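Undergrad:
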Amino acid sequence: MPPLLLALLGSPRPQGACAQMLRAFCAGASNWKIKKINLFRLHIRPCLGCESCQKSRICRHVDDMVELFRWLDQAQAVVLSAPVYFYGLPAPTKAVVDRCHPLWHDPYWQQRHRRPGFLLSACGRNLLSEFDILRRETIAFFNTIGCRLEGEVLLPGRENKDASKRLTAAIRKSRHLARRL
517 MPPLLLALLG SPRPQGACAQ MLRAFCAGAS NWKIKKINLF RLHIRPCLGC ESCQKSRICR
577 HVDDMVELFR WLDQAQAVVL SAPVYFYGLP APTKAVVDRC HPLWHDPYWQ QRHRRPGFLL
637 SACGRNLLSE FDILRRETIA FFNTIGCRLE GEVLLPGREN KDASKRLTAA IRKSRHLARR
697 L
């Protein structure tokens, strides 16, 4: 049975740059079984900071995060594709990251073998520094779920005149990056 790649789309645009990059990444991972999840379609309540998960290691919310935890546990690799929103992850994607808080306290997750994790992202401005906060949030997320960031494709300048050329190059890089799996 092929290994499982969990492909998370953290963008509201199913035909946008991040979705196209994610499709290319999945196409490049031809020897993998792929489970794609659009985080914008899930019903996930935000973390309330109630700390009840520190004692029980289970969040008190029962929503789509329960099923997402199962997929996170089964995956041998994770790819997250999300655009920069106000320097960070979009709200539904950040809610997923925040809801992984119970895993931070769980020895099972913290002692796991570090699986490969990949980041695909795009932003409007033509500055790589626009990705700094999003990258840190992603690395924290990957550390929490037992992954390590092994590669990324960052696509700045979506508002530039040459945006379509940049996107074509990012799609090609995404497909190539997946072949490292």
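Residue numbers (our numbering): 517 to 697. Positions of the beta carbon are idealized from the N, C-alpha and C atoms, including for glycine. Since we're looking at a predicted model, the values are computed, not measured.
For R682, which of N642, R561, L524 and P562 has the nearest alpha-carbon?
TA: If we check each option's Cα against that of R682, N642 comes out closest.
Undergrad: Once DSSP output is grouped into helix, strand and coil, what is the label at L571?
TA: For the sequence presented, residue 571 should be read as Lys rather than Leu. Three-state DSSP puts K571 in a helix.
Undergrad: Please report the straight-line C-alpha distance between K571 and I560, rounded to a whole angstrom.
TA: Roughly 21 angstroms separates the two Cα atoms.
Undergrad: Hey, W548 and P519: beta-carbon distance below 8 angstroms or not?
TA: Cβ distance < 8 angstroms, so W548 and P519 count as in contact.
Undergrad: Using alpha carbons as the reference points, say which of L596, C542, P618 and Q590 lies closest to S568.
TA: The shortest Cα separation from S568 among L596, C542, P618 and Q590 belongs to P618.
Undergrad: For H621, which residues of its own chain have a beta-carbon under 8 angstroms away from its beta-carbon, when the five flanking residues on both sides are left out?
TA: So the qualifying residues of the chain are C569, Q570 and R573.
Undergrad: Note down the Cα distance separating D648 from L538, rounded to an integer number of angstroms.
TA: Going from the Cα of D648 to the Cα of L538 covers about 20 angstroms.
Undergrad: If R695 and G544 are in contact, beta carbons under 8 angstroms, what's the gap, nearest whole angstrom?
TA: Rounded, the Cβ-Cβ distance is 5 angstroms, consistent with contact.
Undergrad: Indicate the three-state DSSP secondary structure (helix, strand or coil) for N554 in the structure shown.
TA: In the structure shown, N554 sits in a strand (DSSP, three-state: E or B).
Undergrad: State the beta-bridge partners of E666 as determined by DSSP.
TA: Note: E666 sits in no beta bridge, so no partner.
Undergrad: Which of the three DSSP states is assigned to S690 in this structure?
TA: Looking at S690 - three-state DSSP - the assignment turns out to be helix.
Undergrad: Name the one or two DSSP bridge partners that F634 has.
TA: V595 and G667, per the DSSP bridge assignment.
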